[in-house]
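Participant: Have a look at this one.
Protein chains: 2
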Amino acid sequence: MSDGESRSDSAYRQLRGYIDGVATGERLPSETDFVQMFGMSRASIREGLTRLRTEGVVRSRKGSGSYAVRDQAPQMVRLSAISSTRDLAEWHEVRLALESEVAALAADRRTEDDLARLVRAQETLMVRLIVDRAEREDVAFHAALAVCAHNSKLSDALGRLTSHIFSWGNLSAQRSVLTAAERRELIALEHGAIVDAVAARDSDRARAELRRHLLNGRTRVLSNL
Amino acid sequence: MSDGESRSDSAYRQLRGYIDGVATGERLPSETDFVQMFGMSRASIREGLTRLRTEGVVRSRKGSGSYAVRDQAPQMVRLSAISSTRDLAEWHEVRLALESEVAALAADRRTEDDLARLVRAQETLMVRLIVDRAEREDVAFHAALAVCAHNSKLSDALGRLTSHIFSWGNLSAQRSVLTAAERRELIALEHGAIVDAVAARDSDRARAELRRHLLNGRTRVLSNL
DNA sequence: TGCACAAAGCTGTCCTACAGAATTAATGTA
DNA sequence: TACATTAATTCTGTAGGACAGCTTTGTGCA
Chain A
5 MSDGESRSDS AYRQLRGYID GVATGERLPS ETDFVQMFGM SRASIREGLT RLRTEGVVRS
65 RKGSGSYAVR DQAPQMVRLS AISSTRDLAE WHEVRLALES EVAALAADRR TEDDLARLVR
125 AQETLMVRLI VDRAEREDVA FHAALAVCAH NSKLSDALGR LTSHIFSWGN LSAQRSVLTA
185 AERRELIALE HGAIVDAVAA RDSDRARAEL RRHLLNGRTR VLSNL
Chain B
5 MSDGESRSDS AYRQLRGYID GVATGERLPS ETDFVQMFGM SRASIREGLT RLRTEGVVRS
65 RKGSGSYAVR DQAPQMVRLS AISSTRDLAE WHEVRLALES EVAALAADRR TEDDLARLVR
125 AQETLMVRLI VDRAEREDVA FHAALAVCAH NSKLSDALGR LTSHIFSWGN LSAQRSVLTA
185 AERRELIALE HGAIVDAVAA RDSDRARAEL RRHLLNGRTR VLSNL
């Protein structure tokens, strides 16, 4: 889990943890202090600090020191760049949290029209899977599921997060460990179970089946790195 | 150019300009190439690159090179203003999704120190509840729980969302249907159940108890409107 | 006390060096 | 020739040292 973490990732994480424990505007220890505290070179410490400066969490003044800048306007949740497998795993967990709730709400609230759209999205996906990986249709299925939940805040956040994670996937090698046929069968099975649960208005089962689907997918993706 | 510009500022600006002129996914020149192109040290170049990586504009792979990312995609999830009870209910559901997962992860991953902090937060809350509504201490308890989950993305998003919801609550009349004593007993019971589940490393129970806690709270708040 | 000045500490920047991953070139074999 | 294997090269990540220039602190003097 934390093995894919580079030195500067570790520095960033530890610095962030340190900053969470100090008052607004307070001066941080010097970079050389952090070097001794964290047991890594000043270059790595500075890299972590640079990231925090970019995020607006820290401000540095030449000759004086670095200072914690507590956040001013928490009106946004920033989808920070995915720069390590740990970042990816963490965003996956956020997605899992949102989408498992979406699945449960979908089972509770779906209309007949919603269900019809969901079924159609799944059928379109399965047809397309014969040709290629059908990533666009896969996203469409999950979007159709989100619509069923009848919560615009939830589906909007989930949609942005999913595309964020997805855009990372496009950059990486994206070699699947599964054959096309295996993948097709898996999706048929797992998506089918979700659709069934939503159709039966069984929210607990919908949540459980979606969790299984995402956890399986995560395992496959992460085992590829 | 401008006098107040540091070397790394200049590197950042020039790198950004360079990247604007290349295709998505294209490989950038090496850091040593930029050293010659911009006439500054590799440290300054790397600082500029680190900023761009943090912004998600660039991605670097050890041994290979740095690549332009583009597809600037939606980097933010906007916490839109709460202007109706429906908005409030929807954000509550998002919070429920995130925090129930946090509770489950907390039970799985909490260290002894995490647990100690959580218990202390609850004790502080209970003491303060004798005096007033102790909203700050209530938030602190939930923050302590989030720390246990060891997922900075999840806890950050949840923290911002919670403060967003709370800021609405502060604006409204905030008349509770419960007496202070009733509220105190309820929090003791429900928070206690969560702490117990986390202590026992029972993720399912932690999830369930947190759901119950939040759903009860939601019912109380919404029945007030 | 108040002020000037020296000393120490800090970040910003540059340099050199090397490990380790990824890519490319070279080489041997069928 | 075609291809698999190996070696050389390239590149980022990290370490450590050095110094300039700015800020803060401390000291001594009037």
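Residue numbers (our numbering), protein chains in the order written: chain A, 5 to 229; chain B, 5 to 229. Ideal placement from N, C-alpha and C gives every residue a C-beta, glycine not left out. Here the structure is a predicted model, which is why all the values come from computation and not from measurement.
Can a CB atom of chain B be found closer than 8 Å to the CB of R179 (chain A)?
Facilitator: Bear in mind that the predicted position of R179 (chain A) carries a pLDDT of just 48, short of 50, making it too unreliable to give a figure here.
Participant: Given a limit of 8 Å on CB to CB distance, which residues of the segment 145 to 158 of chain B reach chain A?
Facilitator: N155, S156, K157, L158
Participant: Pick from A:A101, A:E97, A:I86, A:W95: whose alpha carbon is nearest that of E97 (chain B)?
Facilitator: A:A101
Participant: Quick one: Cα of L162 (chain A) to Cα of L214 (chain A), how far?
Facilitator: Approximately 14 Å, taken between the alpha carbons.
Participant: Is the beta carbon of H195 (chain A) sitting closer than 8 Å to the one on T166 (chain A)?
Facilitator: no
Participant: Could you have a look at G21 (chain A) and say whether DSSP puts it in helix, strand or coil?
Facilitator: helix
Participant: Sort out for me which residues DSSP pairs V26 (chain B) with in a bridge.
Facilitator: According to DSSP, which records beta bridges pairwise, V26 (chain B) is partnered with nothing at all.
Participant: Could you give the distance in angstroms between the alpha-carbon of T28 (chain A) and the alpha-carbon of Y71 (chain A)?
Facilitator: 8 Å
Participant: Considering only residues of the same chain and omitting the five flanking positions on each side of A125 (chain A), which have a CB-CB separation below 6 Å?
Facilitator: A144, F145, A148
Participant: Mind listing which residues of the segment 93 to 113 of chain B have their C-beta closer than 8 Å to chain A's C-betas, in chain order?
Facilitator: E94, W95, E97, V98, L100, A101, L102, S104, E105, V106, L109
Participant: Could you tell me if D24 (chain B) is buried or exposed, where buried requires 16 or more neighbouring beta carbons within 10 angstroms of its beta carbon?
Facilitator: exposed
Participant: Per DSSP, which residues does S70 (chain A) bridge with? Please list them.
Facilitator: A:S64
Participant: Evaluate V1 (chain A) with the Cβ neighbour count: other Cβ atoms within 10 Å of its Cβ, from every protein chain shown; 16 or more gives buried, anything less gives exposed.
Facilitator: The requested residue 1 (chain A) does not occur in the structure, where chain A is confined to residues 5 to 229.
Participant: By how many angstroms is the C-alpha of F170 (chain B) removed from the C-alpha of G221 (chain B)?
Facilitator: 12 Å
Participant: Going by DSSP, what residue range makes up the alpha helix (DSSP H) through M130 (chain B)?
Facilitator: 116 to 133
Participant: Between the C-alpha atoms of L32 (chain A) and G69 (chain A), what's the straight-line distance to the nearest angstrom?
Facilitator: 7 Å
Participant: State the CB to CB distance for the pair A15 (chain B) and G52 (chain B), rounded to an integer number of angstroms; the pair is presumed to be in contact (CB under 8 Å).
Facilitator: 3 Å
Participant: Look at S104 (chain A) and R211 (chain A) and say whether their C-beta atoms are less than 8 Å apart.
Facilitator: Taking C-beta atoms as the reference points, S104 (chain A) and R211 (chain A) count as a pair closer than 8 Å.
Participant: Chain B partners of S87 (chain A), CB-CB under 9 Å?
Facilitator: R57, T58, G60, R63, S64
Participant: Can you check whether the CB of C152 (chain B) is closer than 8 Å to the CB of A204 (chain B)?
Facilitator: Taking 8 Å as the Cβ cut-off, A204 (chain B) and C152 (chain B) do not qualify as a contacting pair.
Participant: Is R140 (chain B) helix, strand or coil when you go by DSSP?
Facilitator: helix
Participant: Would you mind telling me which residues of chain B sit closer than 7 Å to T54 (chain A), beta carbon to beta carbon, in chain order?
Facilitator: E51, T54, R55
Participant: Cβ closer than 7 Å: which chain B residues qualify as neighbours of A161 (chain A)?
Facilitator: By Cβ distance, chain B contributes V81, V98.
Participant: Closest Cβ-Cβ distance between R74 (chain A) and chain B: below 8 Å?
Facilitator: no
Participant: DSSP state of R205 (chain B), grouped into three classes?
Facilitator: Three-state DSSP puts R205 (chain B) in coil, outside helix and strand.
Participant: Which residue's Cα is closest to the Cα of V199 (chain A): A:E127, A:H168, A:D160, A:L158?
Facilitator: A:E127
Participant: Starting from R140 (chain B), find everything on chain A with Cβ-Cβ shorter than 7 Å and list it in chain order.
Facilitator: Chain A residues near R140 (chain B): none, gap ~15 Å exceeds 7 Å.
Participant: Starting from the C-beta of Q18 (chain A), find all residues in its chain whose C-beta is less than 7 Å away, skip the five residues before and the five after it, and write them out in chain order.
Facilitator: Excluding residues within five positions, the ones whose Cβ falls inside 7 Å are F42.
Participant: Hey, how far is the Cα of E94 (chain A) from the Cα of D117 (chain A)?
Facilitator: 34 Å
Participant: Kindly list, in the order they appear in chain B, the residues whose Cβ is closer than 9 Å to that of A31 (chain A).
Facilitator: Correcting the residue type first, residue 31 (chain A) is Arg in the shown sequence and not Ala. Ordered by position in chain B, no residue passes the 9 Å Cβ test against R31 (chain A), which lies about 20 Å from the chain.
Participant: Is the beta carbon of V73 (chain A) closer than 8 Å to that of V61 (chain A)?
Facilitator: yes
Participant: Assuming T58 (chain B) and E59 (chain A) make a contact with CB atoms under 8 Å, what is their CB distance in whole Å?
Facilitator: Contact check for T58 (chain B) and E59 (chain A): beta-carbon distance about 7 Å, within the 8 Å limit, so the pair qualifies.
Participant: Are the C-beta of R46 (chain B) and some C-beta of chain A separated by less than 8 Å?
Facilitator: no
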